[in-house]
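S.K.:
In my numbering, the protein residues as written are 652 to 912.
1) Report the CB separation of residue 886 from residue 868 in whole angstroms; it is logged as a contact under 8 Å.
2) How would you label residue 860, buried or exposed, when you count the other beta carbons within 10 angstroms and need 16 or more for buried?
3) Given residue 902, which residues of its chain have a CB within under 7 Å of its CB, disregarding the five upstream and five downstream residues?
4) If contacts are defined as beta-carbon pairs under 8 Å, then residue 853 and residue 824 qualify, I think. What distance do you get, rounded to the angstrom?
5) Here's a check: name, in chain order, each residue in its chain whose Cβ is nearer than 8 Å to the Cβ of residue 785, leaving out the five neighbours to either side.
6) If you run the structure through DSSP and keep just helix, strand and coil, what is residue 850?
7) Please classify residue 756 as buried or exposed, where buried requires at least 16 other C-beta atoms within 10 Å of its C-beta.
8) Is the Cβ-Cβ distance between residue 807 and residue 817 less than 9 Å?
9) For residue 731 versus residue 762, is the C-beta distance shorter than 9 Å?
10) Taking 7 Å as the limit between beta carbons, can you name the residues of its chain near residue 746, skipping five residues before and five after?
11) Return the CA-CA distance between residue 739 and residue 815, expressed in angstroms with no decimal places.
12) Return helix, strand or coil for residue 913, following the three-state DSSP convention.
13) When we look at the beta-carbon of residue 663 and count the other beta-carbons within 10 Å, is it buried (16 or more) or exposed?
14) Could you pull out every residue in the same chain whose Cβ sits closer than 8 Å to the Cβ of residue 858, ignoring the five residues on either side in sequence?
15) Nearest by alpha-carbon distance to residue 811: which of 850, 697 and 895 is it?
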């Protein structure tokens, strides 16, 4: 198949536009659509990956999740959708549990919804979550200390990592920057990712609340496969193909109600 440099550039731009809109792309489908060989498409994807526009995966490429902005900015973004996710996730909690609240704006929404008088023990490395819970006399609050990362919104250094080893959690609400059924969970900060990996080790069950914007995206540092997560809470309008794929991976899916419903 003919693949001139001009045609290649135009095709590559179209693929880049799809990735920028958050769409994953499949090499075989692109080859059929553009009437070129899969090798030509793979060359396009390699070039786009080198430009930092996607992450190559087997059979295609994933868009990159936007790099994390500071927690105070993220807390105001899609707040109603994040509250809806938190309302669905709170049903996973049982009386008397020891739970961990990770950093992240969606997990922060959950902090304000924790049931009262349930004898909960809440451990967190999130300063905003600790601040939201510090006046709750009906629960036990433990803050993991260490160096504060202002973007992450909590403590994620070596000291915090060591402190985690002292605990065993019944349930951990994990924050994540990107989720793909194929490549798993990923994040942008190495120290934060190390904390999340450790949380997977010390938690009997884990829950993940994901806005649509983070689905089928990628980030530089791997946290773990989807199979490491016990529960995944998705938005009411999560793409059906993503829902189906995650179910195939064995995740217990919870679908949130529409915001303000």
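Cβ atoms here follow ideal geometry from the backbone N, Cα and C, with glycine treated the same way. All values reported here derive from a predicted model rather than from experimental measurement.
M.R.: Looking at the coordinates:
1) In the chain shown, the residue the question calls residue 886 occupies position 235. In the chain shown, the residue the question calls residue 868 occupies position 217. That belief does not hold up - the Cβ atoms of residue 886 and residue 868 are roughly 14 Å apart, past 8 Å.
2) The residue given as residue 860 occupies position 209 in the chain shown. Residue environment: residue 860 is assigned as buried (16 or more neighbouring CB atoms within 10 Å of its CB, all protein chains considered).
3) Position 251 of the chain shown, counted from the start, is the residue given in the question as residue 902. Taking C-beta separations shorter than 7 Å and ignoring five residues to either side along the sequence, the partners of residue 902 in its chain run 877, 880 and 883, following chain order.
4) In the chain shown, residue 853 corresponds to position 202, counting from 1. In the chain shown, residue 824 corresponds to position 173, counting from 1. Contact between residue 853 and residue 824 fails: their C-beta atoms lie close to 14 Å from each other, not under 8 Å.
5) Within the chain shown, numbered from 1, the residue matching residue 785 stands at position 134. Within the same chain, residue 785 has close Cβ partners 792.
6) Your numbering for residue 850 matches position 199 in the chain shown. In this structure, DSSP gives residue 850 a helical state, which the three-state scheme calls helix.
7) Residue mapping note: residue 756 aligns to position 105 of the chain shown, counting from 1. Answer is buried; the Cβ neighbour count reaches 16.
8) Counting from 1 along the chain shown, the entry for residue 807 is found at position 156. Counting from 1 along the chain shown, the entry for residue 817 is found at position 166. No.
9) Locating residue 731 in the chain shown gives position 80, where the first residue counts as 1. Locating residue 762 in the chain shown gives position 111, where the first residue counts as 1. Going by beta carbons, residue 731 and residue 762 fall outside the 9 Å limit.
10) Here residue 746 refers to the residue found at position 95 of the chain shown. Hits under 7 Å: 769 and 770.
11) For the purposes of this step, residue 739 is identified with residue 88 of the chain shown, where counting begins at 1. For the purposes of this step, residue 815 is identified with residue 164 of the chain shown, where counting begins at 1. One C-alpha to the other measures close to 26 Å.
12) Missing from the structure shown is residue 913; the chain here goes from 652 to 912 and no further.
13) Stepping through the chain shown from its first residue, residue 663 is reached at position 12. Result: buried.
14) On the chain shown, residue 858 is found 207 positions in, with the first residue counted as 1. The beta carbon of residue 858 sits closer than 8 Å to the beta carbons of 740, 743, 822, 823, 824, 825, 880, 881, 882, 883 and 884 from its chain, once the five residues preceding and following it are set aside; these are given in chain order.
15) What you label residue 811 is simply residue 160 of the chain shown in a count that begins at 1. Closest by alpha carbon: 850.
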